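**Q** Please see the structure below; I have some questions.
Residue numbers (my numbering): 2 to 394.
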């Protein structure tokens, strides 16, 4: 498709912190800017970790200057709530500022506007923004992340005002159609933009980030993701590591990422006496050298949509072990470009024990074989531009 000179698109996102959905949004915005689109990114809350990585051609509008209200919401008892009152007042002021900063969008015009993650209230895009076509991105299996159905109810409430729902995997599309009747007939799959060459270049941009092995046979296991037990099952990971240590296996398990459960995770690591085996490396803006130098990338989450970590790992040529989550069958073929196992603790322990003892099995799936549909960024951009312009993709 030729460059879309003069075309304008708006993306709405809550806050641009480190995460797979956020990074895929950055790549999409850059790709559209390369195609000649004028891109506006509206953030509900400013100050996110990834804002500095936004392409300089993208206009950023922050509705609220910073995040407030969390401290007051977490306060318990009268004394704590009184101390947290300034946080509540700042939250109220932030909402007022946000409402004022929305007003100019009543007069601006866009070819397309999109809510870039499910769960973010579509009100701004559907009621305030003036755009020819309006979209909502679905990034996960609603059955896994929405057990109470409130996200589905929200999507159904706004479905009549949404022109198209874009799902990042076949499984997320199916879960959307089952949960949101209003999405039927106007939803499709478009895989996330990857920029595989850029990922590989980042992998070459830095040296081996790991400390020296304690023994030649030590296996480096790597997990990348937000330190949230609800989504990523990080507490289970500690129990698995304890079991592997009890079996006398030589390994170190490195975790890249940060999140709300970091302190609780550190305590569990200490309680299980696996601080010598489970190493928290913190947040990283460039995990690709770690993918290159790890022996095995392990994805052991409770649920995913289309796992961005697996995308990154396979583009980097890493060996991958993954539990069965939504979308995994679209990414990995068991025994060919990765190992896929049942999503339970016993299965993880047995699979890792086998792979640590059998490096030849790990080597078998150390390759960059990956489905062409997930790698083809040109096709994805053609599909997205066609949707944004009201053409049949």
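Even glycine gets a Cβ: it sits at the ideal position worked out from N, Cα and C.
Quantities reported herein were computed from a predicted structural model and do not represent experimental measurements.
Which whole-angstrom value describes the C-beta separation of residue 178 and residue 185, a residue pair presumed to lie in contact below a C-beta threshold of 8 Å?
**A** Rounded, the Cβ-Cβ distance is 6 Å, consistent with contact.
**Q** Mind listing, in chain order, the continuous beta strand (DSSP E) runs of no fewer than 3 residues lying wholly within the stretch 189 to 255?
**A** Taking only runs of at least 3 residues, the beta strand (DSSP E) segments lying wholly in the stretch 189 to 255 are 220 to 225.
**Q** Counting pairs of Cβ atoms below 8 Å between the stretch 5 to 20 and the stretch 288 to 307, do you hit three or more?
**A** Cβ pair count under 8 Å is below three, so no.
**Q** On a Cα-Cα basis, can you pick out the residue from 350, 143 and 146 that is closest to residue 238?
**A** Ranking 350, 143 and 146 by Cα distance to residue 238 puts 350 first.
**Q** Check residue 29 in the structure and name its three-state DSSP category.
**A** Helix, per DSSP.
**Q** Counting along the chain, where does the beta strand (DSSP E) carrying residue 41 start and finish?
**A** Its beta strand (DSSP E) spans residues 39 to 46.
**Q** Taking the C-alpha atoms as reference points, what is the distance between residue 119 and residue 306?
**A** Near 12 Å, if we compare the C-alpha coordinates of residue 306 and residue 119.
**Q** Considering residue 398, what are the terminal residues of the alpha helix (DSSP H) in which it resides?
**A** The question about residue 398 has no answer here: the residues shown for the chain are numbered 2 through 394.
**Q** Return helix, strand or coil for residue 390, following the three-state DSSP convention.
**A** Reduced to three states, the DSSP call for residue 390 is coil.
**Q** Going along the chain, which residues of its own chain have a beta-carbon closer than 8 Å to the beta-carbon of residue 241, five neighbours each way excluded?
**A** The residues are 301, 346, 349, 350 and 353.
**Q** Taking 9 Å as the cut-off, decide whether the C-beta atoms of residue 318 and residue 367 are in contact.
**A** Taking 9 Å as the Cβ cut-off, residue 318 and residue 367 qualify as a contacting pair.
**Q** Are there 16 or more other CB atoms within 10 angstroms of the CB of residue 287, so buried, or fewer, so exposed?
**A** Exposed.
**Q** So which of 387, 360 and 333 has the shortest CA-CA distance to residue 370?
**A** Minimum Cα distance to residue 370 is reached at 333.
**Q** Under a three-way DSSP split, which group does residue 19 fall into?
**A** Coil at residue 19, not helix or strand.
**Q** If you count every other CB in all the chains shown that lies within 10 Å of the CB of residue 147, and 16 or more means buried, which is it?
**A** Its Cβ being crowded by 16 or more others within 10 Å, residue 147 is buried.
**Q** Go ahead and pull the three-state DSSP assignment for residue 110.
**A** DSSP places residue 110 in strand when its eight states are reduced to three.
**Q** Do you know offhand how far residue 28's Cα is from residue 114's?
**A** In a straight line, the C-alpha of residue 28 is about 17 Å away from that of residue 114.
**Q** Output the distance between the C-alpha atoms of residue 3 and residue 379, rounded to the nearest integer angstrom.
**A** Confidence is the limiting factor: at residue 3 the pLDDT is only 39, short of 50, which leaves the residue's position unreliable, though a coordinate-based value still follows. Their backbone Cα atoms lie some 12 Å apart in a straight line.
**Q** Is the Cβ-Cβ distance between residue 24 and residue 204 less than 9 Å?
**A** No, these two residues do not count as a Cβ contact at 9 Å.
**Q** So for residue 341, helix, strand or coil by DSSP?
**A** DSSP places residue 341 in strand when its eight states are reduced to three.
**Q** Going by the DSSP bridge assignment, what does residue 300 pair with across the sheet?
**A** Paired residues: 323.
**Q** Hey, quick one: how far does the beta strand (DSSP E) through residue 316 stretch, first residue to last?
**A** Taken as a continuous stretch (DSSP letters only), residue 316 belongs to no beta strand (DSSP E), being part of the alpha helix (DSSP H) at 309 to 316.
**Q** Give the DSSP-derived three-state secondary structure of residue 58 in the structure shown.
**A** Coil at residue 58, not helix or strand.
**Q** Can you pull the DSSP bridge partners for residue 173?
**A** According to DSSP, residue 173 bridges with nothing at all.
**Q** Which residue from 39, 372 and 48 puts its Cα closest to that of residue 311?
**A** The residue with the shortest Cα to Cα distance from residue 311 is 372.
**Q** Report the three-state DSSP secondary structure of residue 119 (helix, strand or coil).
**A** If DSSP states are grouped into helix, strand and coil, residue 119 belongs with coil.
**Q** For residue 194 versus residue 32, is the C-beta distance shorter than 9 Å?
**A** The answer is yes: Cβ separation under 9 Å.
**Q** List the residues that DSSP assigns as beta-bridge partners of residue 376.
**A** The partner list for residue 376 (beta bridge, DSSP) is empty, contrary to what the question assumes.
**Q** In chain order, what residues of the same chain lie with their CB nearer than 6 Å to the CB of residue 375, ignoring the 5 residues before and after it?
**A** The answer, listed in chain order, is 192.
**Q** In this structure, how does DSSP classify residue 279 when only helix, strand and coil are distinguished?
**A** Three-state result, residue 279: strand.
**Q** Helix, strand or coil: how does DSSP classify residue 132 here?
**A** Note: residue 132 maps to strand in three-state DSSP.
**Q** If we ignore side chains and look at the alpha-carbon of each, how far apart do residue 391 and residue 290 end up?
**A** The alpha-carbon atoms of residue 391 and residue 290 are separated by roughly 40 Å.
**Q** How many whole angstroms separate the CB atoms of residue 189 and residue 169, which I take to be in contact at a CB cut-off of 8 Å?
**A** Not quite, the Cβ-Cβ distance comes to about 11 Å (not below 8 Å), so this is no contact.
**Q** For the beta strand (DSSP E) holding residue 14, just list the boundary residues, first then last.
**A** Note, residue 14: beta strand (DSSP E), 9 to 14.
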